[in-house]
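Asker: One structure follows; several queries about it will come next.
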């Protein structure tokens, strides 16, 4: 099920890029596709970093 949804999104992105009026639209689609993932990774890393730091402060 998850693989199907991923494949569906990839085909939608490819379709948007093919129908793009110019290269700026293609860049916008790429940024809009990857930016949420990058933000999610950064938030997850921030949680990890601050949790690790808090545990180290409590131990010593």
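In the numbering used here, the protein residues as written are 85 to 144.
Backbone N, C-alpha and C define an ideal beta-carbon position, used for all residues, glycine too.
(1) Could you give the DSSP three-state label for residue 143: helix, strand or coil?
(2) What is the DSSP secondary structure of residue 104, reduced to helix, strand or coil?
(3) Spell out a yes or no on whether the segment 123 to 133 and the segment 104 to 112 are touching, meaning 3 or more CB-CB pairs, one atom from each, closer than 8 Å.
(4) Considering only their Cβ atoms, is the gap separating residue 100 from residue 175 smaller than 8 Å?
Answerer: For this structure:
(1) Numbered from 1 along the chain shown, position 59 holds the residue referred to as residue 143. Residue state, collapsed to three classes: helix.
(2) Position 20 of the chain shown, counted from the start, is the residue given in the question as residue 104. Coil at residue 104, not helix or strand.
(3) no
(4) Residue 175 is absent from the structure shown; the chain starts at 85 and stops at 144.
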